[in-house]
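Number of protein chains: 2
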Amino acid sequence: MLQVDVRRPQRADARRNFDALLGAAREAFASKGADASLEEIAKQAGVGIGTLYRNFPTRQDLFNAVYFGEIEELCLEAEEVADLPPWEALTTWLQRFVQYAATKRAIIESLNRDSERFTAAREAMYAAGTPLFERAQKAGEARTDISFDDVLRMVSGLTAAGFVDDSQRERVLEIALDGVRAR
Amino acid sequence: MLQVDVRRPQRADARRNFDALLGAAREAFASKGADASLEEIAKQAGVGIGTLYRNFPTRQDLFNAVYFGEIEELCLEAEEVADLPPWEALTTWLQRFVQYAATKRAIIESLNRDSERFTAAREAMYAAGTPLFERAQKAGEARTDISFDDVLRMVSGLTAAGFVDDSQRERVLEIALDGVRAR
DNA sequence: ACTATAACGGAGGGTTGCCTCCGGTATCAA
DNA sequence: TTGATACCGGAGGCAACCCTCCGTTATAGT
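Residue numbers (my numbering), protein chains in the order written: chain A, 194 to 376; chain B, 194 to 376.
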C-alpha cells in the first residue's frame, strides 16, 4: 500500500528520463505550486513533452508520484526519530515535515480530498505521526485536549507560509509548537 | 495615505458597476486566490470585461483596491478592540484578521514584496497591530523574546491553511497563540 | 552488426484567459 | 425632450498551456 504504482520503465534511457521528470516535477511543484506548467517541467528535465505524458498520462499521475513519494519518506523518518525523547521525537519529525515536503500546500489541501489513494496516504501519514504525538501526550509533554490532526494542520499551514528567512520559520514553528506543550 | 486612489466613478451606473466589481473580486480572490480569472470576475459582477478594465487597467489595480481596502478595515478594527484587556485585544484583532481577510494569502506574500504602496500598507498594518502586541507584552501576557512580525506571519500562515471546519480553525489558532503567551 | 521495437520529442489543434478597441447605450444637464 | 458624452460590453487577436499523434531515434537481444 501507498505504492506509487507508476511503473519505472525498463530501458536505460527511459529510466533516466523518468527520474529526471520526477526531479524536475518535485522542484516545480515546490516553487510554483501544484499547477506548475507541465511543458516547463519537461523542458527542465531535458525531455520532450511527449515523454512526460507517456510516463504520466495525467497531471495527477505526475503529482501523485511526487506526493506519495514524499509521504513515504515522511513515514520512514518517523521510525528514525523514534528513539529520541518523546517531545524531541515529535518536534523533530514535524520539522522534517516542514523542511523536505515539496508538495507542502498540496498536503494540507489533500487532507480534505476524498479519493481512495489520498485516503490511504493520509492514513499512512497519520499512522506514522500519531504514535509520536501520543507518546508525547503520555509523557505529559503535550496537551491532551487537542488532536494530532490539529497539530498537523497547524504545522502544514505554517509550512506554506512565507518567512523572511529560515531562522524565522524555525522560530515561528517553535512558538506554535509551544502552544502544543502541556501546561 | 493608504488611500485606494482608484477613483470611484461619477455616474450612477458606473458606480454600481464599480462596486459590483469590487465585491465580485473580493469573493473571487478569496476563493480562487490572487490569480482568479478576470473574465470570471466580470461575469460574476454582471458586467462586461471592458468595464472591468476601464475601472482597473491592470489586474494589480483591481487586486490593490481589494487589498488596501481590507488593510484599511483591519486598521480600523485595531482601534475598536483597544479598550479590551491587553491579551484579549490582541487575540480578538488577530481573529478578525483571520475571519475577514479575503486576500489572506496575498497579505503574507506581500510582506516580502518591495513596492512603495505595499510598504505603506505593511507599515499601516504594523502600526495598527504593534501597539496591541506591545501592550500585551508590557502586561506580562505575551513573550518578550519574539517580534510582532513573527506573530503576524504565524497567524497569516494559519489563515491560508485549510481546516475541517471553523471550530478547528479557531482551536488551532488558539493553540498557536498559546505559544505566544508568556510562560 | 542487425533488427525489432520501445521510447523519443515536438508540431499542431484545442481551450482558456488576457487585454484592446470601438459601435452602441444610458445618464445627466439644460 | 434632447443632445453631448461618459460609459458599456463583447468580439477578436494574442499568448500560454494542454494533450495527441506520428515520423524519427536509441536500445537490447541475437
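No residue lacks a Cβ here, since even glycine has one placed at the ideal position from N, Cα and C. All values reported here derive from a predicted model rather than from experimental measurement.
Check: Buried/exposed call for L269 (chain A), threshold 16 Cβ in 10 Å; Outcome: exposed
Check: Contact residues within the segment 327–355 of chain B, judged by C-beta distance below 7 Å to chain A; Outcome: I339, D343, R346, M347, S349, G350, L351, A353, A354 and G355
Check: C-alpha distance - A223 (chain B) paired with R374 (chain A), whole-angstrom precision; Outcome: 33 Å
Check: Contact check, A329 (chain A) vs P250 (chain A), beta carbons under 8 Å; Outcome: no
Check: Whole-angstrom distance between A320 (chain B) and R376 (chain A), CA atom to CA atom; Outcome: 32 Å
Check: Below-8 Å beta-carbon distance, D371 (chain A) vs any chain B residue; Outcome: yes
Check: For F326 (chain A), the first and last residue of its enclosing alpha helix (DSSP H); Outcome: E309 to K331
Check: Check whether A238 (chain A) and N257 (chain A) have beta carbons under 8 Å apart; Outcome: no
Check: is_contact[Q361 (chain B), chain A] using C-beta, thresh 8 Å; Outcome: yes
Check: Nonlocal neighbours in the same chain, by C-beta distance under 6 Å from A332 (chain A), ignoring five residues either side; Outcome: P279
Check: Runs of alpha helix (DSSP H) lying entirely within the segment 216–296 of chain B, each at least 4 residues, in chain order; Outcome: 231–237, 242–248, 252–273 and 279–293
Check: Residues near E377 (chain B) by beta carbon distance below 7 Å, same chain, minus five either side; Outcome: Outside the modelled stretch of chain B, which goes from 194 to 376, sits residue 377 (chain B), for which no answer is possible.
Check: C-alpha distance - L195 (chain B) paired with F341 (chain B), whole-angstrom precision; Outcome: Bear in mind that a pLDDT of 49 at L195 (chain B), under 50, signals an unreliable position, so the number given afterwards is only what the model happens to contain. Whole-angstrom Cα-Cα distance: 21 Å.
Check: Beta carbon of I379 (chain B) nearer than 8 Å to that of I368 (chain A); Outcome: A question about residue 379 (chain B) goes unanswered here, because the residues of chain B that appear run from 194 up to 376.
Check: Under 8 Å by beta carbon: chain A residues contacting R364 (chain B); Outcome: I339 and D343
Check: Cβ-based burial, E263 (chain B) [other Cβ within 10 Å; buried from 16]; Outcome: buried
Check: Whole-number beta carbon distance between L366 (chain B) and V291 (chain B), since they are thought to touch under 8 Å; Outcome: 6 Å
Check: Beta-carbon contacts of A271 (chain A) that lie in its chain and below 7 Å, excluding the five residues immediately before and after; Outcome: W286, A321, G322 and L325
Check: Helix, strand or coil at A375 (chain A) [DSSP, three-state]; Outcome: coil
Check: Chain-ordered neighbours of I368 (chain B) on chain A, where CB pairs are closer than 7 Å; Outcome: I339, D343, M347, G372 and V373
Check: Cut-off 8 Å between Cβ atoms - residues of its own chain near R364 (chain A), not counting five sequence neighbours on either side; Outcome: none
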